[in-house]
Structure formats: C-alpha cells, structure tokens
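Enquirer:
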Amino acid sequence: MAEQNNLIEEITKSEYKYGFVSNIDQDITPKGLSEEVIHFISQKKNEPDFVLQFRLKAYRAWQKMKEPTWQKVHFPPIDYQDMHYYAAPKSSSKTKTLAEIDPEILDTYQKLGIPLEEQKVLAGVAVDAILDSVSVATTFKEKLQDLGIIFCPISEAIQDYPELVKQYLGSVVPYSDNYFAALNSAVFTDGSFVYIPKGVRCPIELSTYFRINAAQTGQFERTLIIADEGSYVSYLEGCTAPMRDENQLHAAIVELYTHKDAEIKYSTVQNWYPGDKEGRGGIYNFVTKRGLCAGDNSKISWTQVETGSAITWKYPSCILKGDNSIGEFYSVALTNNYQQADTGTKMYHIGKNTRSRIVSKGISAGKGDNSYRGLVRISKSAENSRNYTQCDSLLIGDQCGAHTFPYIEIENKSSIVEHEATTSKISDESIFYLNQRGISTEDAVGLIVNGYAREVIKQLPMEFAVEAQRLLSLSLEGSVG
Amino acid sequence: MSLLKITNLKANIENKEILNGINLEINSGEIHAIMGPNGSGKTTLASVLTGKKEFQVTDGTVEFDGKNLLEMPPEERARLGLFLAFQYPVEIPGVSNANFLRLALNEKRKYNGLDPIEPAAFFKIMREKAKIAKIEQDFLTRGVNEGFSGGEKKRNEIFQMAILEPKLAILDETDSGLDIDALKIVAEGVNAMRDPSRSFLIITHYQRLLDYIVPDFVHVLFNGRIVLSGTKELALELEEKGYDWIKEEFATA
Ligand SMILES: Nc1ncnc2c1ncn2[C@@H]1O[C@H](COP(=O)(O)OP(=O)(O)O)[C@@H](O)[C@H]1O
Ligand SMILES: [Mg+2]
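If you read the protein sequences in the order shown, they are chains E and X.
Per this note's numbering, the first sequence starts with residue 1178, numbered consecutively.
Per this note's numbering, the second sequence starts with residue 711, numbered consecutively.
The structure is reproduced here in structure tokens:
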C-alpha cells in the first residue's frame, strides 16, 4: 500500500511537458459575454450578416438553456462572465507566408514538436495551425487548390465561400443542440473548413494543431468538413495547451457532412493540460462532434486518443441517414490523478442496412474517473441495420473508477445489436514477466497499455499513432509499482 | 569461473518459509539440473533469483557475475544476463513479439553501453533465432503469447532466450506438458546455445529432458533445501525409484 502511494505520488512528478507561455501581443475583448461582445467578434472578423444573425440566435437560445448535469463529472460552477471570448495574436491579421509569421509563434510550435518549416517539406501532411482563436498559418494550400479542395480557417471560408458556409454551418449540429454547442455557435472564433469536391480523394492527410495560449480565454473552435459525392478525406486534429492555474473552458464544435459514396476519417489526439496532482487547473473540454452520413453508402469514422484535459465531455456521433452508410467510433480515453472523462458516442441508424462499430478502451489510473456513455439507436426505418460495441476498461491501482453507460434503443426487428464489455487490471505477473526481460516497470506499463489500446491506435495514421503511443506511456509514468 | 554462487539462501512468502538455506555454485559453461517433487520450491528458487518481489529473502547471499544479485531490481538482473523461461508464460495482448523483444534487447544493449540495434539488423537476428526455436514467421508479429498453445508458449520462451543470449538461463519445467517432438525442439534450442560462457539451470520434474540435454550436475530440491547432488546418474536413479524415498529419507524432523 505504502509503496503504491509512493508510486502514485511519483506520477505527478512527471511534469506536463508542454507547459510554457508565449509572449505574443494579444488583441482581446473585455471579460464577459453580451450581444455587444458578439457584435464585436463578428465585426472584427468582418462577417456577413447571416453569420452575425446565426451567432445572435445562438446566444439568445443559450441564455435560456442550462448547463447539463447528467454527466458523471464534477467541477465548480463556471462563471461565463469571468472570461474573455476573443483573443487574437495582433501580428497575425494579415499573415500569409511563413516568413511573415511572428517568430515566437513558430518557436511555440517548435516546442510542441511541429516545426512548420519542416512540416511543409514533410510529405503528406498539410497543417492549418491555430493559435488561440485565429489561424496563423496554412500550408500546402496551393497543392490542394489544384484539386479544388478547400482547406482554410473557417473565418476565411466565411469571406471566400459564404454560400458553402451558409448551406452547411449548423446543418449537423444546430445552434440549439446543447448548452455548449449554443455557446460555441454564439462566440466561435475560428477553426478549420474543409471542402472536398465530387470524386476527389484528398491525397494528403489534413491536419490541425489546436493550441490554447492566452490566460483565461475560452476556446471556441468550429470545424466544418464537407465531403461531396464519392470523395474521401482523412483529417487529423492534435491538441496541446500550456500549463495554467485556472481552469479553462474549451467548447468546440466539429461538423462532418458526407454526401453519397463519400468518406471522412477524423482522428484526434488530445493532450491538453490535465491539471496538477491535486486536481488544480486543467482544461474543461466540452465538445460537440457529430457527423452526418447524408448520402447513401457514405462513411464517417471517428478515432480519438484522449489523454489530456481535467474534464472531458465528448461524444463524437454519427447520424446514419443514407442507406448502407457506416459509422465508426474508436476511442482510447485515459484518466490519471484527478482527471475525469465522460465520453463515448451516439450512433443514430436511420437509413436501411446501416452499420456502426464502437470500440472504446478506457484506462483509469490514480484517482481518475472514466465513464463510457454510448447510445445506439436504431429507428424503425433502419431495417437490417447492425451495431457492434466493444467496451473495455483497464484499471491501474485501486483508487480509480471506471463506469459504462450503454443505452440501446431498437425500433425494428430486422436489426442486430451486439455489446461486449470487459474490465481488467494490469497484473503483477505481466509486469514481472516484462521486468524479467530487462524492461523497467514504467516501460512495462506503457507496453501493456499500448497493447490494450492497439485496436484503436492502429486506426490512426502512422505519425499520429507513434505520438499517441508515446503520450499513453508518458501519461502513466510511475502509476504502477 | 564461478558465475552464480548461492549461499545459505532463505526466502519467505506470507511468513511461510519456502527456501530453507540453499547452497549452489554454477561455473561458466556448466549445465545444472534441479529436480524435485511438486511444491519443493523449484519455482520459488527461480523467482527469488530473478527478483520477484512477493518473496522476501530472509538470509543468505547470491553472487552473480561478481555482483550482489539480491540488491538489484529484476530488470537489472535480466540486463546483466539472467534469463528465466517461465513455467507459465503470461500473455501480453496487443504487444507484438517483435516490438517486445526489440525493446528487451535494446535495454540490455543500453546496459552494456551499446547503441540500440537498427530495425533491419534486428529482424535479421529474429529470423536466425526463429530457426533455433523452430517457430513460424507469424510468431514474430503476433501478440506476446497471445492465444498461443502451451507448446508454442514454451518455444517462445526458448526463442526469447536465443535473442537475449543470457549468461545464465533458468528453464522452469519448460519440458512439462510437451510431446516428444516439442521436447526435442526445446532441447535442440538449448544445445545450440551451449557455450563456454553460458550456463543453464534446468528445472525439471522428469529425467526425460536430460536424455537430450546432458547435465554436468543434478541436484534434488526438497522442502526448500538441496538434499542430494550428483551427476546424470542421479537423475536416472530418481526416474527409477521415484520421489517417495526422498520424501521419506529427508522428511524434516
Ligand atoms: N505466491 C505464493 N503464495 C503462497 N505460497 C506459495 C506461493 N508460491 C509458492 N508457494 C508455496 O511454496 C511452495 C513451493 O512452491 P513452488 O516453488 O512453486 O514449488 P515447485 O516449483 O517445486 O513445484 C509450495 O508449498 C507452494 O504452495
Ligand atoms: Mg514449479
């Protein structure tokens, strides 16, 4: 026991590697949220009226809504009037080329291990880097333009492709969807926009690194990805945040829209600051992610590796509207120290012969609390549909928690839903076996955990998979004796 | 040259004394066999030597390659060249044999001041050693012991031994539950690795393995103590007479 406690203590000594603050001049609104602030944001971004109206409607809806309380997480009340809703690096308003970017920003990325210069030459990855609220640099644009692919900050899309934005913004996640979605719709500052035209297979993986930088700044990205008929795109989202004492709210929205025969693969590695060993600080991550398989034979696949954030509240979902459409959700969620995660997915089967697959791997260590919450709903029209759910929990130590809340609703007789669940612990025998081969206990835990998570990790593109494996090991340093 | 020197080793688990003062010296290049009835402490001896922390050493010393073995954590003992082929190898799902072994080998190399091995060179070694343990290529990419049969697990232990090239390999009933063909593979694997700088401690319940791996010395462990030592002939005698006379003759007073 004493040894166990010592080791749990030790976990917390592995400092958050990405905790540093950049000194970049900020353009920032006063604290608080009001219609004026929304007008300010909209003006600042020179938005057309339909966007302003969208924001205002969302704000009014939000005011009438209540923070949800059903999730199995606990946190002190959030004072929505005590934060800034807009922060932009001053020098970035007109940047277009790498040479013009504030060297400190580049340095920030370097510390994160994503030197932009290198990224540009590195084959296969285009980066739309977001620092706080404004996209600072976008690479690979020209190459993609030749194929008719649009990949830019959503603020730019609003200027350059207002018709597309008007058609799809809020079409998957309506502004009134939930409390945090309404808040995001009112004040979203930036995010990515992707449009893949008919029949085009995006030849590279599109990637965004989100980064929260300014103190006490809510972060409200909005990402919209549209795959037109017969197209394909793989999109990577990676996140890190610097160390902060105060909790920071993050309420993002991601909307995916696939037309007939189209496919979107969306991968996330989330490593935001989880708070310290006492549970102080850390990101509150309240995210709404949803994909609509609007067309027949379309497919949306979510893969997430969640190791960061003090609180994760996130249910990447699929609406399988088109006949024969497919939804997938692969997830690894790790909680250590006082981290709390309530995450899972929702699969709404509407079209005929629709298929969904859920693989969820929870890992709890320290005093972490980890809940899987999933809904599989097969409506009357979704004849011959199938769902397979596998939901595993791995416990490390005896002070953590794992819970599963599967909800299943089936309205027809021709569909089949399968659910499997396991709970396991890392055994002393396994650790000793690896020790006996010269592997330290820390590495042994990393190896076992990565083996456990393999089914999910192997869904990730190569370079992301390597990062995810490293993060899993890093996040558990010292958690087993 | 003395590689392992065990002096008056005593060990407990849950306040129960299991090892009762073991004395044993193994020189480089020698093969020693330890036999004894079930429950006599053979696996416990292997566990204590390799540093399993459930067991408390209450007395005695163990010198390995000139170092105080009992002071080292298990991973360091392994890196120094101590290998145990487990009686019951565990499964590590999702971790490929190849990745696991590369990590293990690199840990050992690091300990010896060598650079990590290049992936290409490592795969070459794996292919070579796979022949020694007569294992299929798909062994390498499968999860460590994941869904392996009993015999496959044992051969995987021999394969790992071949890759890690220990100074002392302890085989804990690697022959148990094997048919004669599998037994021969294990024996050939060991014989292929015989070397003046490598020693073996072969724990077995039956003497039939010793028809294929000829030991220099045979010891009988009973009630946590080595009660008899001899050569190959002792094993044959045990085979003939069974363990009952040992139990009678050395029953603790
Ligand atoms: N983990 C354990 N907890 C309690 N007793 C144990 C444990 N492991 C072994 N023993 C006891 O120690 C004695 C020796 O066991 P073992 O070393 O496995 O014998 P052998 O390998 O010779 O069959 C047995 O009486 C066994 O019950
Ligand atoms: Mg035994």
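Glycine included, each C-beta is placed from N, C-alpha and C at the ideal position.
So what does DSSP say about proline 1330 (chain E), is it helix, strand or coil?
Expert: strand
Enquirer: Using a Cβ cut-off of 9 Å, pull out every chain E residue sitting near leucine 813 (chain X), in sequence order please.
Expert: Leu1611, Arg1614, Gly1615, Ile1616, Asp1620 and Leu1624
Enquirer: Comparing the C-beta of leucine 794 (chain X) with each C-beta of chain E, is any distance below 8 Å?
Expert: yes
Enquirer: Thinking glycine 899 (chain X) and glycine 1628 (chain E) are a contact (beta carbons under 8 Å), I'd like their distance in whole angstroms, please.
Expert: The pair is not a contact, with the Cβ atoms about 26 Å apart (cut-off 8 Å).
Enquirer: Any beta carbon from chain A within less than 8 Å of isoleucine 845 (chain X)'s own beta carbon?
Expert: The displayed structure is made up of protein chains E and X, and chain A is not among them.
Enquirer: Spell out whether any CB of chain X is found under 8 Å from the CB atom of glutamate 1644 (chain E).
Expert: Closer than 8 Å: no.
Enquirer: If you draw a straight line from the C-alpha of serine 1268 (chain E) to the C-alpha of serine 1562 (chain E), how long is it?
Expert: In this prediction, serine 1268 (chain E) has a pLDDT of 45, which is less than 50 and means its spatial position is unreliable; nothing more can be read from the coordinates.
Enquirer: Is there a Cβ of chain E sitting closer than 8 Å to that of phenylalanine 910 (chain X), yes or no?
Expert: no
Enquirer: Go ahead and label phenylalanine 1387 (chain E) buried or exposed: buried means 16 or more other beta carbons lie within 10 angstroms of its beta carbon, across all protein chains shown.
Expert: A caution first: phenylalanine 1387 (chain E) carries a pLDDT of 49, below 50, which makes its placement in the model unreliable, though a value can still be read off. Its Cβ being crowded by 16 or more others within 10 Å, phenylalanine 1387 (chain E) is buried.
Enquirer: Do glutamate 949 (chain X) and ligand 2 come close, with the Cβ less than 7 Å from some heavy atom?
Expert: no
Enquirer: Can you find at least 3 beta carbon pairs, one from the stretch 1636 to 1654 of chain E and one from the stretch 743 to 758 of chain X, that sit closer than 8 Å?
Expert: Contact between the stretch 1636 to 1654 of chain E and the stretch 743 to 758 of chain X is not established, with fewer than three Cβ pairs separated by less than 8 Å.
Enquirer: Only counting runs of 4 or more residues, tell me where the alpha helix (DSSP H) segments fall wholly within the stretch 1321 to 1382 of chain E, in order along the chain.
Expert: 1331 to 1337, 1339 to 1345 and 1356 to 1364
Enquirer: Specify whether the stretch 844 to 858 of chain X and the stretch 786 to 805 of chain X touch according to this definition: at least 3 beta carbon pairs, one from each stretch, less than 8 Å apart.
Expert: yes
Enquirer: I want to verify the contact list: residues of chain E whose CB lies under 8 Å from the CB of lysine 762 (chain X), in sequence order.
Expert: Phe1609
Enquirer: So the candidates are X:Lys864, X:Lys957 and X:Phe932; which of them puts its Cα closest to the Cα of aspartate 889 (chain X)?
Expert: In this structure, X:Lys864 is the residue among X:Lys864, X:Lys957 and X:Phe932 with its C-alpha nearest to the C-alpha of aspartate 889 (chain X).
Enquirer: Nearest to glycine 934 (chain X) by CA position, among X:Arg812, X:Gly746, X:Ile741 and X:Met871, is which residue?
Expert: X:Gly746
Enquirer: Quick check on glutamine 1230 (chain E): buried or exposed, where buried means 16 or more other Cβ atoms within 10 Å of its Cβ?
Expert: exposed
Enquirer: On the premise that isoleucine 741 (chain X) lies in contact with isoleucine 912 (chain X), defined as a C-beta separation below 8 Å, what is that separation, rounded to the nearest angstrom?
Expert: 7 Å
Enquirer: From what residue to what residue does the beta strand (DSSP E) around lysine 1234 (chain E) run?
Expert: Element bounds for lysine 1234 (chain E): not the beta strand (DSSP E) but the alpha helix (DSSP H), 1226 to 1241.
Enquirer: Just mark methionine 1639 (chain E) as buried or exposed, buried being the case when its beta carbon has 16 or more other beta carbons within 10 Å.
Expert: It counts as exposed.
Enquirer: Name the DSSP beta bridge partners of threonine 1512 (chain E), please?
Expert: E:Ser1541
Enquirer: Is there a C-beta anywhere in chain E that falls below 8 Å from the one on leucine 948 (chain X)?
Expert: Leucine 948 (chain X) does not count as touching chain E.
Enquirer: Can you grab the Cα-Cα spacing for the pair glutamate 1340 (chain E) / glycine 1325 (chain E), in whole Å?
Expert: Distance between the alpha carbons of glutamate 1340 (chain E) and glycine 1325 (chain E): 16 Å.
Enquirer: Under the rule that 16 or more other beta-carbon atoms within 10 Å means buried, what is isoleucine 1540 (chain E), buried or exposed?
Expert: buried
Enquirer: With a 10 Å radius around its C-beta and 16 neighbouring C-beta atoms as the bar for buried, classify isoleucine 936 (chain X) as buried or exposed.
Expert: buried
Enquirer: Skipping 5 residues on each side, what residues in its chain have a beta carbon closer than 6 Å to that of valine 1509 (chain E)?
Expert: Val1482, Lys1538, Ala1630 and Val1633
Enquirer: Could you tell me the distance, in whole angstroms, from the CA atom of valine 1431 (chain E) to the CA atom of lysine 1466 (chain E)?
Expert: 5 Å
Enquirer: When burial is assigned at 16 or more other CB atoms within 10 Å of the CB, is asparagine 1361 (chain E) buried or exposed?
Expert: buried
Enquirer: DSSP on isoleucine 1608 (chain E), reduced to helix/strand/coil?
Expert: Helix at isoleucine 1608 (chain E).
Enquirer: Which runs of the alpha helix (DSSP H), 4 residues or longer, sit entirely within the stretch 719 to 767 of chain X?
Expert: The qualifying runs are 752 to 760.
Enquirer: Which value, in whole angstroms, describes the spacing of the CA atoms of tryptophan 955 (chain X) and isoleucine 845 (chain X)?
Expert: 40 Å
Enquirer: Per DSSP, what are the beta-bridge partners of proline 1583 (chain E) in this structure?
Expert: E:Gly1551
Enquirer: Should tyrosine 798 (chain X) be labelled buried (16 or more other beta-carbon atoms within 10 Å of its own) or exposed?
Expert: exposed
Enquirer: With burial defined as no fewer than 16 other Cβ atoms inside 10 Å of the residue's Cβ, what is the status of valine 1311 (chain E): buried or exposed?
Expert: Confidence in valine 1311 (chain E) is poor, its pLDDT being 48 and thus under 50, which makes the residue's placement unreliable; the coordinate value appears in the next sentence. With 16 or more other Cβ atoms within 10 Å, it is buried.
Enquirer: Verify whether the separation of the beta carbon atoms of leucine 719 (chain X) and valine 772 (chain X) is less than 8 Å.
Expert: yes
Enquirer: Can you tell me where the alpha helix (DSSP H) with tryptophan 955 (chain X) in it begins and where it stops?
Expert: 954 to 960
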